[in-house]
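Sequential numbering of the sequence shown, starting at 21, is according to our numbering.
For each residue, glycine too, the CB sits at the ideal point set by N, CA and C.
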Amino acid sequence: MAPEKKFVSSKLNKFMHPRNPYRTPPSFKKLSMKFPEFRAYCTYDVSGKVHLDFKNPRAVRALTTSLLDQDFDLKVSIPDDRLVPTLPLRLNYLLWIEDLLTHAAHYDSEHFVLAIDIGVGAACVYPLLGAKRFGWCFVGTESDQLSFTSAHTNVQNNNLQDKIFLKKVESNIIFKDVIGEEKVKSWTLECKLRSKVDIAECSKKCAECEPQASQLNPQNEVNFDEGQVKAEIKKTEECSTYLYDFTMCNPPFFSCEEETDTMKKSKKDRGEPLSAPTGAIHEKVTEGGEISFITKMIEESQLFKDKIRIFTTLIGTKAHIKLIKNALSTASPSCSVLTEFCQGRTMRWGVAWTFDPSLKLNQVKSKKDMATNKPLILMMPRSLMSVYSVPSAWNMINKWLHHLKVKVQVLKSSKYFISVNVKAFKATWLHQRRKERQNMRRGVGASNGNMNIDGNNSEIIENGNGRSSKRKREAGAETCGDHDGEMMMKVNICTDRDFKTNRCSEAIPKNQSSLDCSLTSSHLGSPHSISVKEIPQNHSKQENLKLTQGKDKLQNLNKGKQERLESILRCNLQVKQSGALISLEAFYLGGSSGKDGLNQLLQFMRNQLAKPTV
21 MAPEKKFVSS
31 KLNKFMHPRN
41 PYRTPPSFKK
51 LSMKFPEFRA
61 YCTYDVSGKV
71 HLDFKNPRAV
81 RALTTSLLDQ
91 DFDLKVSIPD
101 DRLVPTLPLR
111 LNYLLWIEDL
121 LTHAAHYDSE
131 HFVLAIDIGV
141 GAACVYPLLG
151 AKRFGWCFVG
161 TESDQLSFTS
171 AHTNVQNNNL
181 QDKIFLKKVE
191 SNIIFKDVIG
201 EEKVKSWTLE
211 CKLRSKVDIA
221 ECSKKCAECE
231 PQASQLNPQN
241 EVNFDEGQVK
251 AEIKKTEECS
261 TYLYDFTMCN
271 PPFFSCEEET
281 DTMKKSKKDR
291 GEPLSAPTGA
301 IHEKVTEGGE
311 ISFITKMIEE
321 SQLFKDKIRI
331 FTTLIGTKAH
341 IKLIKNALST
351 ASPSCSVLTE
361 FCQGRTMRWG
371 VAWTFDPSLK
381 LNQVKSKKDM
391 ATNKPLILMM
401 PRSLMSVYSV
411 PSAWNMINKW
421 LHHLKVKVQV
431 LKSSKYFISV
441 NVKAFKATWL
451 HQRRKERQNM
461 RRGVGASNGN
471 MNIDGNNSEI
481 IENGNGRSSK
491 RKREAGAETC
501 GDHDGEMMMK
511 VNICTDRDFK
521 TNRCSEAIPK
531 NQSSLDCSLT
541 SSHLGSPHSI
551 SVKEIPQNHS
561 KQENLKLTQG
571 KDKLQNLNKG
581 KQERLESILR
591 CNLQVKQSGA
601 LISLEAFYLG
611 GSSGKDGLNQ
621 LLQFMRNQLA
631 KPTV
């Protein structure tokens, strides 16, 4: 009697991409109530729980089409003898590419993206999801006539022909005869033109909604002309040779039909596949297997390195990774990166490479890579909290982060666990003790970072480097009362040991309005602020506020891009209770300051525990 195979649970789901909606499994009960075609393959136990036979290919097909309809509003039909895509893996791949575009290429959400999908399949799942969820445009290729017809029907049924162009190719075609083909070039030009039109119309509507902002800044008015937009696109193409932002591919894994039976080469303790195999033989088998296919893709990528910015592909077998890395090294790309896609009991790998020296693809890491990094741990003492609990500890930490003026996003919050994402754009945690000593010398409390103006007791002294100090009234100043306010007083600030040279500063005249002082100090160093000189004096405070808000709205895209460029530290903080103790775990994600920046942030928190100043 053969030994019973072990059942392996879906432990890889915890390493699924953080933005993948299928990290939480879908409700079969809701699907069965909403879609009769899915309900036909469901069974129910005595408790009312819904079960699905994954070894039935039709049941798997009904599940995929129902999820596409429910979660993405996509009407998709898949022929019986064609591959049924698993959505968690497809979304992991697309979300990883989105990370590459966002963090490596620094694209914002409004950036026009044009991609190539090699072998779209009958479902055309990657272009459909990419266009519907991310707004990307795709040129897709397909060699099988039945799959091409099915993919074309799915694009038409979802009214996405403006974002997806399909081309029938021969089986051995990857990039050649696709990028330079006249119909493809014409469609991509029209696609870019439509994108420019949409942006221009959106900007025009924003200008109409902000009449005051348009009057204040007439150069921001939009005068749209189709001929000008077309000329601008051609001019942009002349300056930038990149026609496509990325390519993607899910190549056939096997070199012969015998290899498709994975149980023959599986480990002895591995259980049988939960799902029935689907797909035609040409979708799973190619001459030389995926190694030969990807190697050819790498060779052709050198011919189009000035046309395509990022090349990507899936890898189905771990044993092939080393061979593919060796083939990639011969192409000498500027940068390459390997990642893992984890879903259910299945693991796949993705590789990306570029010849653009400005891209640092290795900045983007998979969740599994980040999870394997050991965190920095800070234990929270009982003595500093009246109530020793995770929420109380988080309130204390949140107060520190608010003082440091970092961006905080709460990811998960419960009674015993709180997880947040932190982004810092300045190293505000450095030199805190020095700043405290300077504030004490100037007579300003450590918790007060604003300049206070008091005409009876003190004056504001502002030196050349933008710092201000408070000069107390001298005992005999009353004898000079007649001259006070009529002359400027110069004071040498020599008491601060941190200054290497003496600096002179001039007193601000008393007749200067407090509004000018407060605006100048509050907007000092802000890259998106409006200075006092830019605001007309005949405007009321309310009008000035509206103008400021309008200007900020017009700069949202540039601001988001600038924040990504200036980010010096990105990390995840987790406050958790283990047994009777509460700890803070800090996971480094990225940033120009490196892990040293995270160590410095934790050191600031340790100093606050030892000697609170916030």
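(request) Output the distance between the C-alpha atoms of residue 116 and residue 454, rounded to the nearest integer angstrom. (result) In the sequence shown, counting from the first residue as 1, residue 116 sits at position 96. In the sequence shown, counting from the first residue as 1, residue 454 sits at position 434. Residue 116 and residue 454: Cα-Cα distance of roughly 42 Å.
(request) Would you check whether the ligand NAP has a heavy atom nearer than 7 Å to the C-beta of residue 136? (result) By its list of ligands, the structure shown contains no ligand whatsoever, and the ligand NAP lies outside what it can speak to.
(message) I'd like the list of long-range same chain contacts for residue 358, defined as Cβ closer than 6 Å, with 5 residues on each side in sequence excluded.
(response) Taking the first residue of the sequence shown as 1, we reach residue 358 at position 338. Taken in chain order, the residues that qualify are 371.
(message) Just to confirm before moving on: does the CB-CB distance between residue 587 and residue 437 stay below 8 Å?
(response) To locate residue 587, count along the sequence shown from 1; it is residue 567. To locate residue 437, count along the sequence shown from 1; it is residue 417. It is not a contact, given that the beta carbons lie outside the stated cut-off.
(request) Pick out the complete beta strand (DSSP E) segments inside the segment 352-381, 3 residues or longer, and give them in chain order. (result) 355-363 and 366-374
(message) Nearest by alpha-carbon distance to residue 269: which of 96, 625, 113 and 463 is it?
(response) By one-based count along the sequence shown, residue 269 stands at place 249. Nearest option by C-alpha distance: 113.
(message) So for residue 144, helix, strand or coil by DSSP?
(response) By one-based count along the sequence shown, residue 144 stands at place 124. Residue 144 falls in the coil class under three-state DSSP.
(message) Going by beta-carbon coordinates alone, are residue 84 and residue 107 separated by less than 8 Å?
(response) The sequence position of residue 84 within the sequence shown is 64, counting from 1. The sequence position of residue 107 within the sequence shown is 87, counting from 1. Taking 8 Å as the Cβ cut-off, residue 84 and residue 107 qualify as a contacting pair.
(request) Take residue 421 and list the residues in its own chain whose beta-carbon comes closer than 6 Å to its own, dropping the five residues that flank it on each side. (result) Reading the sequence shown from its first residue, position 401 is the one you call residue 421. Once the five neighbours on either side are set aside, the close Cβ partners of residue 421 are 428.
(message) Pairs of beta-carbons, one from the segment 151-171 and one from the segment 193-201, closer than 8 Å: are there three or more?
(response) They touch, by the three-pair rule.
(message) Within the continuous alpha helix (DSSP H) that includes residue 113, where are the two ends?
(response) Within the sequence shown, numbered from 1, the residue matching residue 113 stands at position 93. Run containing residue 113: 107-119, per the alpha helix (DSSP H) assignment.
(message) Using only CA atoms, which one of 404, 212, 335 and 98 lies nearest to residue 274?
(response) Reading the sequence shown from its first residue, position 254 is the one you call residue 274. Across the set 404, 212, 335 and 98, the C-alpha of 335 shows the shortest separation from the C-alpha of residue 274.
(request) Report the partner residues of residue 9 according to the DSSP bridge assignment. (result) Absent from the structure is residue 9, since the part of the chain shown begins at 21 and ends at 634.
(message) Going by DSSP in three states, residue 262 sits in which element: helix, strand or coil?
(response) Translated into the one-based positions of the sequence shown, residue 262 becomes position 242. DSSP places residue 262 in coil when its eight states are reduced to three.
(message) Using only the alpha-carbon positions, how far apart do residue 149 and residue 603 sit?
(response) On the sequence shown, residue 149 is found 129 positions in, with the first residue counted as 1. On the sequence shown, residue 603 is found 583 positions in, with the first residue counted as 1. So the two alpha carbons sit approximately 40 Å from each other.
(request) Could you give the DSSP three-state label for residue 74: helix, strand or coil? (result) By one-based count along the sequence shown, residue 74 stands at place 54. Coil, per DSSP.
(message) Check for me: the beta strand (DSSP E) holding residue 332 runs from which residue to which?
(response) The count along the sequence shown starts at 1 and reaches residue 332 at position 312. Start and end: 328-335.
(message) Taking 8 Å as the cut-off, does the segment 176-190 touch the segment 305-323 (at least 3 CB pairs, one atom from each stretch)?
(response) no
(request) Pick helix, strand or coil for residue 626, following the three-state DSSP scheme. (result) Sequence index remark: in the sequence shown, residue 626 carries index 606 (1-based). Three-state result, residue 626: helix.
(request) Name the two residues that bound the continuous alpha helix (DSSP H) containing residue 437. (result) By 1-based counting over the sequence shown, the position of residue 437 is 417. First-last for residue 437: 437-444, but that is the beta strand (DSSP E), not the alpha helix (DSSP H).
(request) Leaving out five residues on either side along the sequence, give the residues of the same chain with a beta carbon under 6 Å from the beta carbon of residue 132. (result) The count along the sequence shown starts at 1 and reaches residue 132 at position 112. 215.
(request) Answer with buried or exposed for residue 614, where buried requires no fewer than 16 other C-beta atoms within 10 angstroms of its C-beta. (result) Indexing the sequence shown from 1 puts residue 614 at position 594. Counting Cβ neighbours within 10 Å, residue 614 comes out exposed, since fewer than 16 surround it.
(message) In the DSSP output, which residue or residues are listed as bridge partners for residue 63?
(response) One-based indexing of the sequence shown puts residue 63 at position 43. 71, per the DSSP bridge assignment.
(message) Considering just the uninterrupted stretch of the beta strand (DSSP E) at residue 605, what are its terminal residues?
(response) Residue mapping note: residue 605 aligns to position 585 of the sequence shown, counting from 1. Its beta strand (DSSP E) spans residues 601-610.
(request) Please report how far the alpha carbon of residue 173 lies from the alpha carbon of residue 87, in whole angstroms. (result) Counting from one through the sequence shown, the residue named residue 173 turns up at place 153. Counting from one through the sequence shown, the residue named residue 87 turns up at place 67. One C-alpha to the other measures close to 19 Å.
(message) I'd like the list of long-range same chain contacts for residue 42, defined as Cβ closer than 6 Å, with 5 residues on each side in sequence excluded.
(response) Numbered from its first residue, the sequence shown carries residue 42 at position 22. So the list reads 108, once near-sequence residues are dropped.
(request) Just tell me which of 181, 400, 192 and 318 has its CA closest to the CA of residue 305. (result) Numbered from 1 along the sequence shown, position 285 holds the residue referred to as residue 305. That would be 192, whose Cα lies nearest to the Cα of residue 305.
(message) Report the CB separation of residue 439 from residue 450 in whole angstroms; it is logged as a contact under 8 Å.
(response) Translated into positions along the sequence shown, residue 439 becomes position 419. Translated into positions along the sequence shown, residue 450 becomes position 430. With a Cβ gap of about 26 Å, residue 439 and residue 450 do not count as contacting.
(request) Could you tell me which of 52, 628 and 56 sits nearest to residue 404, measuring between CA atoms? (result) In the sequence shown, the residue the question calls residue 404 occupies position 384. Out of 52, 628 and 56, 628 has the C-alpha closest to the C-alpha of residue 404.
(message) Beta-carbon within less than 6 Å of residue 181's beta-carbon, same chain only, minus the 5 sequence neighbours each way: which residues are those?
(response) Walking along the sequence shown from the start, residue 181 turns up at place 161. So the list reads 175, once near-sequence residues are dropped.
(request) For the beta strand (DSSP E) holding residue 589, just list the boundary residues, first then last. (result) In the sequence shown, the residue the question calls residue 589 occupies position 569. 589-598 is the extent of the beta strand (DSSP E) around residue 589.
(request) State the beta-bridge partners of residue 397 as determined by DSSP. (result) Numbered from its first residue, the sequence shown carries residue 397 at position 377. For residue 397, DSSP records a beta bridge to 605.
(request) Sort out for me which residues DSSP pairs residue 429 with in a bridge. (result) Taking the sequence shown and counting its residues from 1, one reaches residue 429 at position 409. Paired residue(s): 441.
(request) Provide the residue span of the alpha helix (DSSP H) that contains residue 49, from first to last. (result) In the sequence shown, the residue the question calls residue 49 occupies position 29. It spans 48-54 - the alpha helix (DSSP H) in which residue 49 sits, taken as one unbroken run.
(message) Please report the distance separating the alpha-carbon of residue 212 from that of residue 76.
(response) Position 192 of the sequence shown holds residue 212. Position 56 of the sequence shown holds residue 76. Cα to Cα, the separation comes out at about 43 Å.
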